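Colleague: Take this structure first; my questions come after.
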Amino acid sequence: MLGNAEKLFTRFLHLSDPWEVTSVKLDDAETRVDIRVRNNGRFQICCPECGGRCTGYDKKEREWQHSDLFDMECHIHCAVDRMKCSKCGKVFMLDVPWAEKGSGFTLLFEARSIALMKDMPVNSASRFLNTKDKTLWRILNRYVDKRMEKQCLKGLTCFYVDETACKRGHRYISVFADDEHRIIFVTYGNDADTVSRFRRHLEEHGGRAEDIEYICCDMGKGFQSGIEREFPGAIVTYDRFHVMEHMSRAVDASRRHEWNVLRENGRLKEATDLKGQRFVLLKNTENLKGFQKSRVDSILENHKEIGIVYSLKESLRDTWSFSNRYDAANHLVAWLVASINTGIGALRDIIKVVDNHFNEILNWFSSGMTNGVMEGINSVIQSVKNRARGYRNWENLRTMCYLRSSGLC
Ligand SMILES: [Zn+2]
Numbered sequence: 068m069l070g071n072a073e074k075l076f077t078r079f080l081h082l083s084d085p086w087e088v089t090s091v092k093l094d095d096a097e098t099r100v101d102i103r104v105r106n107n108g109r110f111q112i113c114c115p116e117c118g119g120r121c122t123g124y125d126k127k128e129r130e131w132q133h134s135d136l137f138d139m140e141c142h143i144h145c146a147v148d149r150m151k152c153s154k155c156g157k158v159f160m161l162d163v164p165w166a167e168k169g170s171g172f173t174l175l176f177e178a179r180s181i182a183l184m185k186d187m188p189v190n191s192a193s194r195f196l197n198t199k200d201k202t203l204w205r206i207l208n209r210y211v212d213k214r215m216e217k218q219c220l221k222g223l224t225c226f227y228v229d230e231t232a233c234k235r236g237h238r239y240i241s242v243f244a245d246d247e248h249r250i251i252f253v254t255y256g257n258d259a260d261t262v263s264r265f266r267r268h269l270e271e272h273g274g275r276a277e278d279i280e281y282i283c284c285d286m287g288k289g290f291q292s293g294i295e296r297e298f299p300g301a302i303v304t305y306d307r308f309h310v311m312e313h314m315s316r317a318v319d320a321s322r323r324h325e326w327n328v329l330r331e332n333g334r335l336k337e338a339t340d341l342k343g344q345r346f347v348l349l350k351n352t353e354n355l356k357g358f359q360k361s362r363v364d365s366i367l368e369n370h371k372e373i374g375i376v377y378s379l380k381e382s383l384r385d386t387w388s389f390s391n392r393y394d395a396a397n398h399l400v401a402w403l404v405a406s407i408n409t410g411i412g413a414l415r416d417i418i419k420v421v422d423n424h425f426n427e428i429l430n431w432f433s434s435g436m437t438n439g440v441m442e443g444i445n446s447v448i449q450s451v452k453n454r455a456r457g458y459r460n461w462e463n464l465r466t467m468c469y470l471r472s473s474g475l476c
């Protein structure tokens, strides 16, 4: 006969026949509650394979961590039955209603920890829940994998892909997204095989490679050859965000070059003035505050080479403001000629980028694939990485990307 406490805990845990709580124990220090559950055998179990009648075979003692109870750690114990089918002989472990198969945590514990991990870094959640972060990662990975199984990529006609550095193990991960800013696939590496893995993933989730009309990417050699191999019919756009990133690097290179020249010539005061100005020089002109604007004006006035590179940056930005591809192409040709004629070393890389990917840059006019998606994805990855202290491997980074931005978790 069950006592009142046992009946109460049976209800707390939402248990029903054949499961019931047989004891609730509080340790002497009152820091831990241990709840024992049993199967009272009042249910006929049928074989999952053949539907035959089953009888008890043996029992296996198991323990699950449950959510804290009044700040006390709470654990559930049960000797779980292994059943044997009298018809086909199959031996199997009974599922328990409070936990997933193979997990050492109850469903409630898992649901609460996932809710926490959506809002805070995993290592903070682990301190809060008094659990190892490795354990929480396992819970989170399983949760996300299960949600991602439901992903449907049927009808996908375009995608974005970008790479990002990853600290441990694999040096890069590649992130694929759709035009609604949802991350649809994450894989290790940044070579052509990442695109092959994406194609496989796409086809496993109802999509078709031949439906892909437009792709927007950073024109790394790997993506380029992967796309030629797996999506030969797609129109590739070299993302504006990345083009301007290369341009920003040129502006900064010219600033550093000038700084070095000044120092070598002993003009230390002017060199120091130039030192902290990276930020204002890379900002878009229209976003500069009054004092920043006058700062930039004085740099451009006093340093001719930086002034030239800066105006080429602004001019390159204009490429995307033309109403049609033809005018933009003329503008870009003029930009190339002007840039080459300056003979400035800092421009070498961006000239190469524009020259080699001239058409892919202009494909924007037909694909309309927006800069915002790529920037959005980048900022998601950045925030995931900022919380990434304690990420053990690229799979955890992937899990976090899916959790934050797949729209499925
Ligand atoms: Zn059977």
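Count along the sequence shown from 1, add 67, and you get the number used in the numbering used here.
The C-beta atom is built at its ideal place from N, Cα and C for all residues, glycine as well.
No experiment lies behind these values; they were computed from the predicted model shown.
1. Can you tell me whether Tyr281 is buried or exposed, with buried defined as 16 or more other CB within 10 angstroms of its CB?
2. From Ser292 to Ser473, what does the alpha carbon distance come to, in whole angstroms?
3. Would you list the one or two residues that DSSP bridges to Gln132?
4. Kindly provide the chain-ordered list of residues whose Cβ lies closer than 6 Å to any non-hydrogen atom of ligand 1.
5. Less than 8 Å between the beta carbons of Arg392 and Leu429, yes or no?
6. Measuring CA to CA, which of Asn369, Asn351, Gln359 is closest to Glu337?
7. Taking only three categories from DSSP, how would you classify Thr409?
8. From the DSSP output, in three-state form, read off Cys468 for me.
9. For the putative contact between Val100 and Lys127, defined by C-beta atoms under 8 Å, what is the C-beta separation to the nearest angstrom?
10. Roughly how many whole angstroms lie between the Cα atoms of Asp162 and Arg105?
11. I'd like to check one pair, Trp402 with Ser382: are the Cβ atoms closer than 8 Å?
12. Looking only at DSSP bridge pairs, what is Thr254 linked to?
13. Just verifying my parser: in three-state terms, what is the DSSP assignment at Val60?
14. Leaving out five residues before and five after Arg322 in sequence, what residues of the same chain have Cβ atoms less than 7 Å from its Cβ?
15. From Ile112 to Phe252, what does the alpha carbon distance come to, in whole angstroms?
16. Check each candidate in Gly357, Glu353, Cys121, Pro115 and name the one with the smallest Cα separation from Arg109.
17. Label Pro299 either buried or exposed according to how many other C-beta atoms from any shown protein chain fall within 10 Å of its C-beta, with 16 as the threshold for buried.
18. How would you label Gly274, buried or exposed, when you count the other beta carbons within 10 angstroms and need 16 or more for buried?
19. Find the nearest neighbour of Gly289 within the set His313, Tyr255, Val310, Arg316, judged by alpha-carbon distance.
20. Would the beta-carbon of Ala259 fall within 8 Å of that of Val440?
21. Are the segment 404-418 and the segment 200-217 touching by the rule of at least three beta carbon pairs closer than 8 Å?
22. For Phe195, does the count of other Cβ atoms within 10 angstroms reach 16, so buried, or fall short, so exposed?
23. Quick check on DSSP: helix, strand or coil for Met215?
24. Is the segment 161-178 in contact with the segment 130-137, if contact means three or more CB pairs nearer than 8 Å?
25. Assuming Ile240 and Leu464 are in contact, meaning their beta carbons sit under 8 Å apart, how far apart are those beta carbons, in whole angstroms?
26. Below 8 Å between beta carbons: does that hold for Ile411 and Val363?
27. Please go through the segment 364-428 and give each complete alpha helix (DSSP H) segment of 4 or more residues, from N-terminal end onward.
Modeller: The relevant details are as follows:
1. Residue environment: Tyr281 is assigned as buried (16 or more neighbouring CB atoms within 10 Å of its CB, all protein chains considered).
2. Ser292 and Ser473 have their C-alpha atoms some 26 Å from each other.
3. Beta-bridge pairing links Gln132 to His142, Phe172.
4. This selection yields Cys114, Glu116, Cys117, Gly119, Cys152, Lys154, Cys155, Lys157.
5. Contact: yes.
6. Out of Asn369, Asn351, Gln359, the CA that lies nearest to the CA of Glu337 is found in Asn369.
7. Of the three classes helix, strand and coil, the one that applies to Thr409 here is helix, per DSSP.
8. Looking at Cys468 - three-state DSSP - the assignment turns out to be helix.
9. That belief does not hold up - the Cβ atoms of Val100 and Lys127 are roughly 22 Å apart, past 8 Å.
10. Straight-line Cα distance between these residues: approximately 13 Å.
11. Contact flag set, yes.
12. Thr254 pairs with Ser241.
13. No information on residue 60 is available, as it lies outside the stretch 68 to 476 that the chain covers here.
14. The residues are Leu341, Gln344, Arg345, Leu348, Ile373.
15. Rounded to the nearest whole angstrom, the C-alpha separation of Ile112 and Phe252 is 41 Å.
16. In terms of Cα proximity to Arg109, the closest of Gly357, Glu353, Cys121, Pro115 is Cys121.
17. Flag for Pro299 reads exposed.
18. In this structure Gly274 is buried. Its beta-carbon is surrounded by 16 or more other beta-carbon atoms within 10 angstroms.
19. Ranking the options by Cα distance to Gly289, first place goes to Tyr255.
20. Val440 is positioned such that its CB atom lies no closer than 8 Å to that of Ala259.
21. When C-beta atoms of the segment 404-418 are compared with those of the segment 200-217, fewer than three pairs fall below 8 Å, so the two segments do not count as touching.
22. The residue is exposed, with fewer than 16 neighbouring Cβ atoms inside 10 Å.
23. Correct three-state label for Met215: helix.
24. Segment contact: the segment 161-178 against the segment 130-137, three or more CB-CB distances shorter than 8 Å; contact assigned.
25. Confirmed, about 6 Å.
26. The beta carbons of Ile411 and Val363 sit no closer together than 8 Å.
27. The DSSP assignment places 371-385, 392-409, 415-423 as complete runs of the alpha helix (DSSP H) inside the segment 364-428, in order along the chain (cut-off: 4 residues).
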